[in-house]
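Remarks on the structure that follows.
Residue numbers (UniProt numbering): 1 to 465.
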């Protein structure tokens, strides 16, 4: 202790060590906070906000409030620990790492925040205009935390965390056991962690697909009405922002009607649900893009892709394909689908974010090769595996053209399916013990009663299982 006292400043000698270290920490914080706020102001030079210091301090307080709120969520204590750890990571990205991103790029987020200063109007919501819907949602947020870009970003990061949690609970239901490593993998996977923390459309769409996936797995395993509600809410949230996602999400459910749902009554209920939801979600999409025939769909694809190509940035590229020619489009779709799921490859985008995306793509390709080597035909007989693969294929085919035209947009869009893609590849690439019984993916009544099966993950009621 005497040796430690000699290393302290003269003014603090004789003061108890914990108190002395605390005083030094407080003093250092007082000196560093102004420097950090200056960094915040410098990195936010494009944010339409003259008072960035106050803006950022509001966000810090709001992040703390949302973090404390997790303690009151209707989930078990162990899941609250996961969520708190995940929230710390999300806040570190949203209020730390993202400063470098905001310093480098002009973002749609600035427009959403700037437009949110207008008057909130409930009538402004429409199932045919995702941008207007998001702006009006941002206006609602201003009624809660007024005039803070960073606080709004923190709220969207929380939506992303909720999405990660629902994907995690879907994984637990599928495996039939608690596996907390799934949560940490999803939460800390760079592409998921970063893009689900931005202020924009992506976290909300991510949450919608997470709810949808949770509902699909839950209904297939347990046949409870609340999972149909989760599917409906998930589809509505996704269509609320991106109208074409409703078709992508609902078509694969038809497969489950015949493969994963047993019993005439259950099939009838599920069929009516899917057909009704498909009719409701397809209407806004056709209305939004004025599609009356296949040729109209190709014209929309061509004009939309040209819009992304004209966007400034080094991740855009011209496509050597005539998107108004059906045969040319059909020949191009396999390559486009591969691009949507597994590009950019390492070295295709030479900036820090592009290099990280390239490393992720390399990891996903490695898992793909490993899954092709290790997977067995009986793995593909699982109805939920078939649903997931069909969903990924349809999503990749429809999003591949845009992803091929603009890698930056493609990386953000891939967030929508990245947990499903990562999960299915890891499931198919898992090690098999030849001597072990083939169990773990089939759901039984006994497993439903077991906490390890995800039926009741803890002593407290779990509303999300």
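Beta carbons are placed, not taken as given, at the ideal position from N, Cα and C, and that holds for glycine.
Between residue 235 and residue 208, the beta carbon gap of about 7 Å places them in contact (Cβ cut-off 8 Å).
Residue 86 sits buried, since 16 or more C-beta atoms from the chains shown fall within 10 Å of its C-beta. Within the same chain, 212 and 235 come within 6 Å of residue 249 by CB-CB distance, once the 5 residues on both sides are set aside. Taking a contact as a CB-CB distance under 8 Å, the pair residue 112 and residue 138 counts as one, their CB atoms being some 5 Å apart. Boundaries of the alpha helix (DSSP H) around residue 413: 407-414. Within its own chain, the residues whose Cβ lies closer than 8 Å to the Cβ of residue 130, once the five positions on either side in sequence are excluded, are 201, 240, 241, 242 and 243, listed in chain order. Remark: C-beta atoms of residue 120 and residue 143 approach each other more closely than 8 Å.
Residues of the same chain with a CB within less than 7 Å of the CB of residue 269, apart from the 5 flanking positions on each side, do not exist. In the DSSP annotation of this structure, residue 429 is not part of any alpha helix (DSSP H), being labelled neither H nor E. Residue ranges of uninterrupted alpha helix (DSSP H) with 4 or more members, entirely inside the segment 117-152 and ordered along the chain, are 130-144. Between residue 44 and residue 115, the C-beta gap is not smaller than 8 Å, which leaves the two residues out of contact. In terms of CA proximity to residue 90, 191 leads the group 170, 191 and 174. Residue burial annotation: residue 372 is exposed, with fewer than 16 other C-beta atoms found within 10 angstroms of its C-beta.
Between residue 168 and residue 189 the beta-carbon gap is near 12 Å, outside 8 Å, which marks them as no contact. For residue 342, the CB contacts under 8 Å within the same chain, skipping 5 residues up- and downstream, are 361, 364, 365 and 368 in chain order. Per the C-alpha coordinates, the member of 74, 145, 345 and 204 positioned closest to residue 65 is 145.
Remark: C-beta atoms of residue 82 and residue 60 do not approach each other more closely than 8 Å. Every unbroken stretch of the alpha helix (DSSP H) spanning 4 or more residues and falling wholly within the segment 171-224 is given here in chain order: 180-188, 190-195 and 201-222. Taken through DSSP and simplified to helix, strand or coil, residue 417 comes out as coil. Around residue 253, the same chain offers 274 as residues with beta carbons nearer than 6 Å, after the five sequence neighbours per side are excluded. Collapsing the DSSP output to three states places residue 345 in coil. Per DSSP, residue 378 is not a residue of any alpha helix (DSSP H), being assigned neither H nor E. According to the DSSP assignment, residue 52 belongs to the alpha helix (DSSP H) that extends over 52-69. Bounds of any alpha helix (DSSP H) do not take in residue 76, whose DSSP letter is neither H nor E.
The beta carbon of residue 425 sits closer than 7 Å to the beta carbons of 364, 367, 368 and 371 from its chain, once the five residues preceding and following it are set aside; these are given in chain order.
Bounds of any alpha helix (DSSP H) do not take in residue 243, whose DSSP letter is neither H nor E. Here residue 73 is not near residue 256, since their CB atoms are 8 Å or more apart.
Contact annotation: the segment 342-357 touches the segment 401-420, with at least three C-beta pairs closer than 8 Å. The criterion of a C-beta distance shorter than 8 Å is not satisfied by residue 378 and residue 432. In the three-state DSSP reduction, residue 49 falls in the coil class, being neither helix nor strand. In this chain, residue 105 is not harboured by any alpha helix (DSSP H), its DSSP state being neither H nor E.
In this structure, DSSP gives residue 350 a state outside helix and strand, which the three-state scheme calls coil. Pairing residue 227 with residue 428, the inter-Cα distance amounts to about 25 Å.
Within the same chain, and ignoring the five residues on either side of residue 71 in sequence, the residues whose Cβ sits closer than 7 Å to its Cβ are 80.
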